[in-house]
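If you want our numbering, it's the position in the sequence shown, counting the first as 1, plus 771.
Each residue gets a CB set at the ideal place from its N, CA and C atoms; glycine is no exception.
What you are looking at is a predicted structure, and each value in this text was computed from that prediction instead of being measured.
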Amino acid sequence: MICIDTEKRSFTIHTNTTTYQMGLARNNILVHRYYGARVDDADFGYLVLPLVLGFSGIPGDLFPDQRYSEDALPLEYSTFGLGDYRESCLDCEYENGSRGASLRYVSHTVRTGLTVPTGLPGVYADADTGETLEILLRDSTTGLEVVLEYGVVEKYDTIVRSARICNRTGEKVILHRALSCCLDFSVPDDRDTVIFYGKHTQERTMQRTPLSHGKFRIDSTRGASSHQYNPFWMVCDRNADETHGSCWGLSFVYSGNFVAQAELDQLSQTRLVMGIHPQGFRWTLEDGEEFQTPQVILTHSAAGFDALSNNLHHLIREHLMRGPWRFRRPPVLVNNWEATYFNFDEEKLFAIAQQARDIGIEMLVMDDGWFGIRNNDWTGLGDWFVNETKLKGGLKPLVERIAGLGLKFGIWFEPEMISEDSDLFRAHPDWALTIPGRVPVRSRKQLVLDMSRADVRDYLFDAMAKILHSADISYVKWDMNRHLSDVWSAMLPSDRQGEVYHRYVLGVYDLLERVLTEFPDLLLEGCSGGGGRFDAGMLYYSPQIWCSDNTDAVSRLSIQLGTSFGYPIKSMGSHVSVCPNHGTGRTTPLKTRGDVAMMGTFGYELDLCKLSEDEKTEMRRQIEQYKQFSDLICTGDFHRLALPFGDGRCAAWMFVSPDKREALLTCVWLHVECDLHQLVLKLRGLDPDKQYYIDLKKYSLSGRTLMTAGLPIRSFKAEYPSLVYHLKAADTI
Ligand code: DGJ
């Protein structure tokens, strides 16, 4: 609900449980007043204390009034150059070389629904589920305008922020930075920041650190959102945990360079900013042009991380993901990567498919190596035509044979990349991102295509469409196996090279959109060497993303549980692979591997032709179990009960169905001791008044008892054993 009070000069946004308030200070400076637990009647103007400190500047239009300085005020959108010395969102340069914008409120509009910005991914909502507030700010000296947009999805406690910078100056403006969102907390408090850091094969590890004076920043200048820092982060009260305390989440709906920063200033106020990374960014706006920043999804919970995560899970599933697959259970698949790597032919794939059919798998995914000349990772990228030496007879007969077994077919592409040893590179060396005269950086022996170029995208679309039309293909894994360097485009003049990083991302989105428009039923799985581009932007196109190249079940516990803070379980690509694990060398029971993969899309990635009968029997059971519980997994609420970080003895999580009649609890023991021990898990999300029958325990307890006193879980003597408990409300048994 958006409430505008002209007398009190305030803009208030209420969601189910939160309130966000802005107000107009002197001379129409748009200040931030409050963001936190819902308060219906408050006018938070009293929280904004105009202060002028030593060395604070007084804005030109306020002088000689000595009461207000933008260096101390909580601002809705901070600018560089005119007296606010904290981190800025906007840094613009005019033709005479001067910089700065004194943004003042001009007008506002409210409309129903949320619209997705053109060319970018975004949160959408219809008139029944969302509304949008737009506030127009202007710099009166130059005429530069900024439109701040606040899209509200009340039900899921989310406010979607972005900014549109409109050049109405009559001259050229250069943007050196254009971030999406600034969030100032004027009331000092002890807060922590929670980030999800990592590397290739160990993504989204949770780290919680107290905020102290200075600037705490996570970012990516890699051209992708990255394995190293995920563009979802949280700030929380020092005492916050899964079920208590205030926490704020910010999720960037963007897949390229980003910065997210928290700054504790001289007054111990906290400023959070998030947006496209200014490094390498320089965007020219001709008179009359606009620059649209990507969205940031903001959410707050006064009841800890659990509620925050579940709101985001719902929002992403219902208002960001699109297409038929966002609610549908994905087919149980087998991917041949860890089974064969590059070494396969049509007979090997068919043999895997036969075994797959036998155990109940529904789709075969042919990974890297089917195209061009590609027997290792030195060659072939860009040559998106079938290698008929490997797949004798071509793609169609293979897909038809596999369809004859009752299996769907999926295929791997890495559209954004090019090998120097490829026909494509020989024909178009200028299509790769390289700097004239400089030997380029190679990574995984490959170069990156200049996705900012329309001709490159046209080639890729035609090549992909030809393959996808040539056979009945249900699924595409869209990979990206290196980061950007040597960022220079042959298509842009020297003063516009600072646009290439962002134009690259816009180009990727454009190609994704074209592919999905041509093949609306296609299931896309995003991937970047595992989870190197796991962000809300990609989830607009691909409802699932391969979580990590690390398929070890124990490593996956921290990767998947870390991911679950910001992203729905349904979005996490997760497979059972062979032991000892190819990456870590660790051996875990097949049952545990299956139980962990069920916290995700569920599939297999191993050579099914090498299985024992016992293993096949266990896999049949797993697939049956996954099919039985897939609704719960895909649409249920998710609760993290025990985290595997630090010296955690076990990892535990549960799903609860929307009607609270059913729940599934999984626990994986990480450390077992000689003597049996037990731990009591307090369950969450159940109906306190319902009696739940717990299958493994063979007794019933009320939801209230299970949530208050807990359920004892016993360890047993084995390596990394897992236990799965199914709970059913008495009236549904
Ligand atoms: C990286 C992916 O994450 C893997 O699953 C696999 O598809 C390889 N690329 C193929 O090159």
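| query | result |
| --- | --- |
| Under 7 Å Cβ to Cβ from Arg1172, same chain only, skipping five residues before and after it: list those, please. | Phe1121 |
| Excluding sequence positions up to five away, which residues of its chain have a Cβ less than 7 Å from the Cβ of Arg1274? | Ser1223 |
| Give me the residue from Ala1174, Asn1114, Ala1124 with the minimum Cα distance to Asn1158. | Asn1114 |
| Taking the alpha carbon of Ala1307 as the point to measure from, which residue in Ser1072, Glu1089, Phe1416 has its own alpha carbon closest? | Glu1089 |
| Quick one: residues in its chain with C-beta nearer than 7 Å to the C-beta of Glu1013, no 5 flanking neighbours on either side, listed in chain order? | Gly1075, Phe1076, Asp1077, Arg1411 |
| Can you list the alpha helix (DSSP H) stretches of 4 or more residues lying completely in the stretch 1107-1149, in chain order? | 1108-1111, 1117-1130 |
| Beta carbon of Asn787: closer than 6 Å to some heavy atom of ligand 1? | no |
| Taking only three categories from DSSP, how would you classify Pro981? | strand |
| So for Cys1421, helix, strand or coil by DSSP? | strand |
| Could you check if Ala949 is buried or exposed, using at least 16 other CB atoms within 10 Å of its CB as the buried criterion? | buried |
| For a test of the three-state rule: what should DSSP assign to Gly1075, helix, strand or coil? | helix |
| In three-state DSSP terms, what is Gln1462? | strand |
| Identify which residue in Asp1408, Arg1209, Phe1052, Trp1249 has its Cα closest to the Cα of Leu1152. | Trp1249 |
| If you follow the beta strand (DSSP E) that Ala949 is in, where does it begin and where does it stop? | 944-956 |
| Excluding five sequence neighbours on each side, which residues of the same chain lie with their C-beta closer than 6 Å to the C-beta of Gly1051? | Tyr1272 |
| Compute every distance between the C-beta of Gly1301 and the non-hydrogen atoms of ligand 1, then say whether any falls below 6 Å. | yes |
| What's the gap between the Cα of Phe1196 and the Cα of Ser1190? | 7 Å |
| For a cutoff of 7 Å on Cβ pairs, would you count Phe1336 as touching chain D? | This model lacks chain D altogether, as it is built from one protein chain only. |
| Within 10 angstroms of the Cβ of Ala1261, are there 16 or more other Cβ atoms? Answer buried if so, exposed if not. | exposed |
| Cβ-heavy atom distance between Asn867 and ligand 1 below 6 Å? | no |
| Do you know offhand how far Trp1180's Cα is from Val1170's? | Going by the sequence as given, residue 1180 is Phe instead of Trp. Rounded to the nearest angstrom, the two C-alpha atoms are 6 Å apart. |
| With DSSP as the reference, please indicate the residues paired to Pro1483 in a beta bridge. | Val1451 |
| Could you give the first and the last residue of the continuous beta strand (DSSP E) run that contains Asp962? | In the sequence as displayed, the identity of residue 962 is Arg instead of Asp. Looking at the DSSP string, the run of the beta strand (DSSP E) that includes Arg962 is 962-970. |
| Going by alpha carbons, who is nearest to Phe967 out of Glu1395, Arg1042, Gln999, Ser951? | Gln999 |
| If I'm right that Gly1269 touches Arg1053 with Cβ under 8 Å, what's the distance once you round it to whole angstroms? | 3 Å |
| What did DSSP end up calling Glu1386 once you bin it into helix, strand or coil? | helix |
| Pull up the distance between the alpha-carbon of Ser1241 and that of Leu1294, whole angstroms please. | 17 Å |
| Between Asp1154, Trp1202, Leu908, Gly807, which has its C-alpha nearest Thr850's C-alpha? | Leu908 |
| What does the alpha-carbon distance come out to for the pair Glu858 and Ser827? | 15 Å |
| Quick one: using the 10 Å Cβ neighbour count with 16 as the cut-off for buried, is Pro1492 buried or exposed? | buried |
| Where does Glu1187 sit, in a helix, a strand or coil, going by DSSP? | coil |
| Helix, strand or coil for Thr1363? Go by DSSP, reduced to three states. | helix |
| Would you grab the beta carbon distance between Leu1346 and Thr1363 for me? Rounded to a whole angstrom, and I think it's under 8 Å. | In the sequence as displayed, the identity of residue 1346 is His instead of Leu. Actually they do not touch by this definition, with Cβ atoms about 14 Å apart. |
| Looking at the secondary structure, which residues open and close the beta strand (DSSP E) in which Ala1198 lies? | It is not in any beta strand (DSSP E) - Ala1198 instead sits in the alpha helix (DSSP H) that spans 1194-1198. |
| For my contact list, Arg988 and Val965 are in at a C-beta cut-off of 8 Å; report their separation, rounded to the angstrom. | 14 Å between Cβ atoms; not a contact. |
| Is it a yes or a no for the stretch 1335-1349 touching the stretch 1371-1382, going by three-plus beta-carbon pairs under 8 Å? | yes |
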